[in-house]
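Q:
Number of protein chains: 2
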Amino acid sequence: MSTKPKLFSPGPVDVAPETYAAMCSPTIGHRGKDFEELYASVQPGLQEIAGTTRPVYLNTASAWGAMEGSIRNLTRKKVLNLCCGAFSDKWYDVSLRCGKEADKVQVEWGEVITPDLVRAKLAEGGFDTVTLVHNETSTGVLNPLADIVKAIREFDDIMIIVDTVSSFSAVPINVDELGIDVMLCGVQKALALPPGLSLMIVSEAALERAKELTDRGYYFDFHEFEKNHAKNNTPSTPAIPHIYGLRERVEFMLAEGMENRFARHAATNALTHEWVAKHGFKNFAPAGYESKTLTCIDNNLEIDVPGFVKAVRAKHNLLINGGYGKVKGLTFRLSNMGNETLETQQELLDALDDVIPDFL
Amino acid sequence: MSTKPKLFSPGPVDVAPETYAAMCSPTIGHRGKDFEELYASVQPGLQEIAGTTRPVYLNTASAWGAMEGSIRNLTRKKVLNLCCGAFSDKWYDVSLRCGKEADKVQVEWGEVITPDLVRAKLAEGGFDTVTLVHNETSTGVLNPLADIVKAIREFDDIMIIVDTVSSFSAVPINVDELGIDVMLCGVQKALALPPGLSLMIVSEAALERAKELTDRGYYFDFHEFEKNHAKNNTPSTPAIPHIYGLRERVEFMLAEGMENRFARHAATNALTHEWVAKHGFKNFAPAGYESKTLTCIDNNLEIDVPGFVKAVRAKHNLLINGGYGKVKGLTFRLSNMGNETLETQQELLDALDDVIPDFL
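Structure, rendered in structure tokens:
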């Protein structure tokens, strides 16, 4: 078997050997004390990291399950999807596929969702749910979460669902202080687990709203999660290896300290930005709204992106990403999320320096 | 950390070290060649095991996700849920929670779904979907799948969804020959992986039916799975460790040979039944309809089941199950599914022999 490249793509990311080791802890029965202890062991740490007193539901599905589930739990009238890239755009499509009425604010890929755009759209009336992707992974844009939440709160009776898939644990997100109704994320981004699990934090108000929906199903039903959480358990058979891995990562994060962790991501991100500027590339995201966990690089120098990605892999066994969806090749992406340090990020950038002369 | 007991509960079951080792293979990007190769590598083996030329969708969710998803994909009028235990009963409840019209055939727990019962109910008319749990894990009943399918096929326009969660790969199930529309299963039962993934096989007819449903969503949408399968991929970010583990288990099964595998399960099951008879217990399932992967034992001797389960764990570090739901304590369950051999199953029974005199 060939040695697989180290991942510097924006999720999944490189997984630490300690995390894999934890995932290989003995499988346990999920309807007994052993699992209850495991479940309970991750709650205080996750709550601290997310700034919430609410439970953190452990959802055996990738984040799209949580994104669809949130719509099915909360939208009784009409959802407003805030769209600025591949994942946020798709959420609109998924809302429709759930049989919901949906409308959107759409900005160009690479642009930012602004509070004014949200305010103007909500003023049209009829909405009871808003979805926002905090860090749009396809474009490297970090939307102004707090300001958008404030704008939405000028309107009544609106549930706010925020996807923090590629920002959670890398930048400060205080769920209770923000007053968002659902925060969801995957684990294969800054949390640096392999994919296969997502997290959901659901407000009391969202639980109330969910009661009005009679077709919200079972697998992603917030009330099933809440009921089972009271017993330190999950509605359905959980991905036990991932929860073991999550426990290991939570302990790692708390030992690191969240301020240090945020600073580490900011530093590796800044280092990557230096590389971008040094070669005359530009960030795809507008200044001040760049993601802190990945860098989406505008291919303004018109290099052969697929060739570059391939050469970096062939020569250095590192995997970077050649852009997503309709900006594939027009952009490329470097991740700094998860376990990367200034040293390991520099290793990536040195490798890129080595290869790029052939492409300029 | 205390050493966790070996699992003889009917799922999750004991996982082989080789499977864990495979699960720790390097995480790969899921939108590229590395993942496509992994995905493609498991298809022929799984198709052979399931007796189908259709794709085997890899669904990052436990089986309840697939069970709910099947309802959302297929039921446009009314579903008939065949109910004979905790899991099949719950499927009726889940159907209602999806906002579907549903009715049921309900037999007592421990009884079998008969073709005549199904026929009589379907004759009332109005149904377009039937759900069957092949091996009802809560009661240890193996329903007569082929005969039930034949009975259903006397009626037009009905989609047949079969949950083979705790029978797949342990008893012969030839999906194409049976002519069922959806076969779904988890991986933490006879496949002997840790939980976190389920499999779905969906007929062409089911894909046609699904087109009529406009609110089937995204995460479990059959058409998304079909479309992505054509690219050796999955709609959402997949549980990569589980798919590596699945590849290892598929190779194991093909090397073992399916006939040998079925024979092994039959033999370990028969050995367990001998233990039941020897002590004057009875099977909870009627003669001829006993599960081949687990034994649900009628506690006709009225032993202290929780005490017995606890003592077996304390003295031998083995975990058996003290019954599920409303037959908890009135039954207890011993699994023989997955990797158990006559030798390892005998180790369990010897341990039970050692402990049970204190409880009779």
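Each protein sequence line maps, in turn, to chains A and B.
Everything in the first sequence is counted per this note's numbering, starting at 784 for the first residue and increasing by one.
Everything in the second sequence is counted per this note's numbering, starting at 784 for the first residue and increasing by one.
All C-beta atoms in this analysis are idealised placements derived from N, C-alpha and C, irrespective of residue type, glycine included.
Is R1116 of chain B helix, strand or coil when you go by DSSP?
A: It is a strand residue.
Q: Could you tell me if G909 of chain B is buried or exposed, where buried requires 16 or more neighbouring beta carbons within 10 angstroms of its beta carbon?
A: Classification of G909 of chain B: exposed, given that the 10 Å Cβ count is below 16.
Q: Could you name the residues of the region 1088 to 1118 of chain A whose beta carbon sits closer than 7 Å to any beta carbon of chain C, in the order they occur along the chain?
A: Chain labels in this structure do not include chain C; the protein chains are A and B.
Q: Is the CB of V924 of chain B under 8 Å away from at least one CB in chain A?
A: With 8 Å as the cut-off, V924 of chain B does not count as an interface residue toward chain A.
Q: Quick one: Cα of P1024 of chain B to Cα of T843 of chain B, how far?
A: Cα to Cα, P1024 of chain B sits roughly 11 Å from T843 of chain B.
Q: Here's the rule I'm using: 16 or more other beta-carbon atoms within 10 Å means buried, otherwise exposed. How should D1004 of chain A be labelled?
A: Buried: at least 16 other Cβ atoms inside 10 Å.
Q: Is M784 of chain B buried or exposed, if buried means 16 or more other CB atoms sit within 10 Å of its CB?
A: A caution first: M784 of chain B carries a pLDDT of 41, below 50, which makes its placement in the model unreliable, though a value can still be read off. Classification of M784 of chain B: exposed, given that the 10 Å Cβ count is below 16.
Q: Which word fits E919 of chain A, buried or exposed, when buried means at least 16 other C-beta atoms lie within 10 angstroms of its C-beta?
A: Label assigned to E919 of chain A: buried.
Q: Taking C-beta to C-beta, are L1113 of chain B and P793 of chain B nearer than 8 Å?
A: Not closer than 8 Å, so no.
Q: Classify R936 of chain A as buried or exposed, calling it buried when 16 or more other Cβ atoms lie within 10 Å of its own Cβ.
A: So R936 of chain A ends up on the exposed side.
Q: Decide if the region 854 to 861 of chain A is in contact with the region 824 to 838 of chain A; the criterion is three or more beta carbon pairs, one per stretch, under 8 Å apart.
A: Segments in contact, no.
Q: Could you tell me which chain A residues have their CB closer than 9 Å to the CB of G868 of chain B, listed as they occur along the chain?
A: Per Cβ cutoff of 9 Å: no residues; G868 of chain B is ~15 Å from chain A at best.
Q: Select from A:H1099, A:E1073 and A:R992 the residue whose C-alpha is nearest the C-alpha of V1138 of chain A.
A: Checked all of A:H1099, A:E1073 and A:R992; the closest Cα to V1138 of chain A is A:H1099.
Q: Could you list the residues in the region 822 to 853 of chain B with a C-beta less than 7 Å from some C-beta on chain A, going in chain order?
A: Residues passing the 7 Å Cβ filter: T843, A844, S845, W847, G848 and E851.
Q: Of the residues B:G893, B:H917, B:V798 and B:K787, which one's Cα is nearest the Cα of P781 of chain B?
A: Nothing can be reported for residue 781 of chain B, as the shown portion of chain B is limited to 784 through 1143.
Q: Compare the C-beta of K861 of chain A against all C-beta atoms of chain B and say whether one is closer than 8 Å.
A: K861 of chain A does not count as touching chain B.
Q: For H1012 of chain B, return the contacting residues in chain A, with the cut-off set at a CB-CB distance below 8 Å.
A: Result: empty, since nearest Cβ-Cβ is about 17 Å, beyond 8 Å.
Q: Distance cutoff 8 Å, beta carbons only. Does T997 of chain B sit that close to anything in chain A?
A: Closer than 8 Å: yes.
Q: Quick one, which residues of the region 969 to 983 of chain B are near chain A if we go by CB-CB under 8 Å, in chain order?
A: Per Cβ criterion, the list reads G969, Q971, P977, P978, G979 and L980.
Q: In chain order, what residues of the region 871 to 896 of chain A put their CB closer than 9 Å to some CB of chain B?
A: Listed by position along the chain: K873, D876, V877, L879, R880, C881, G882 and K883.
Q: Helix, strand or coil: how does DSSP classify I854 of chain A here?
A: Three-state DSSP puts I854 of chain A in a helix.
Q: Which same chain residues, not among the five before or five after A988 of chain B, have their C-beta less than 8 Å away from its C-beta?
A: So the qualifying residues of the chain are M942 and D964.
Q: Checking 8 Å against the spacing of the C-beta atoms, do A833 of chain B and M966 of chain B come in under that value?
A: Result yes, Cβ atoms of A833 of chain B and M966 of chain B sit closer than 8 Å.
Q: Could you give the residue range of the alpha helix (DSSP H) that holds T912 of chain A?
A: Element bounds for T912 of chain A: not the alpha helix (DSSP H) but the beta strand (DSSP E), T912 to V916.
Q: Out of B:F1008, B:D1136, B:Q1128 and B:R814, state which residue places its alpha-carbon closest to the alpha-carbon of F1091 of chain B.
A: The candidate whose alpha carbon is nearest that of F1091 of chain B is B:D1136.
Q: In the DSSP output, what is M942 of chain B paired with across the bridge?
A: B:T912, per the DSSP bridge assignment.
Q: Taking C-beta to C-beta, are F1045 of chain A and G923 of chain A nearer than 8 Å?
A: Against a cut-off of 8 Å, the Cβ pair of G923 of chain A and F1045 of chain A comes out as no contact.
Q: Would you mind telling me which residues of chain B sit closer than 8 Å to D946 of chain A, beta carbon to beta carbon, in chain order?
A: The contacting residues do not exist; D946 of chain A stays about 13 Å from chain B at best.
Q: Quick one: which chain B residues come within Cβ less than 8 Å of M1120 of chain A?
A: Neighbours of M1120 of chain A on chain B: none; closest Cβ ~13 Å, over 8 Å.
Q: Using a C-beta to C-beta distance shorter than 7 Å, which residues of chain A count as neighbours of I811 of chain B?
A: Within chain A, the residues near I811 of chain B are K787.
Q: Taking only three categories from DSSP, how would you classify Y840 of chain A?
A: DSSP places Y840 of chain A in strand when its eight states are reduced to three.
Q: Measure how close the beta-carbons of A1053 of chain B and L1101 of chain B come, nearest whole angstrom, since I'm counting them as under 8 Å.
A: Actually they do not touch by this definition, with Cβ atoms about 20 Å apart.
Q: For the beta strand (DSSP E) holding N1052 of chain A, just list the boundary residues, first then last.
A: Looking at the DSSP string, N1052 of chain A is not in any beta strand (DSSP E); the run it does join, the alpha helix (DSSP H), is M1041 to K1061.
Q: Suppose you measure from the CA of A1038 of chain B to the CA of D872 of chain A; what does that come to, to the nearest Å?
A: Cα to Cα, the separation comes out at about 46 Å.
Q: Who are the near neighbours of L990 of chain A in its chain, counting only those whose CB is closer than 8 Å to its CB and skipping five residues on each side?
A: Only F1005, H1006 and E1009 meet the Cβ criterion.
Q: What is the residue span of the beta strand (DSSP E) that V862 of chain B lies within?
A: Per DSSP, V862 of chain B belongs to the beta strand (DSSP E) from K861 to C866.
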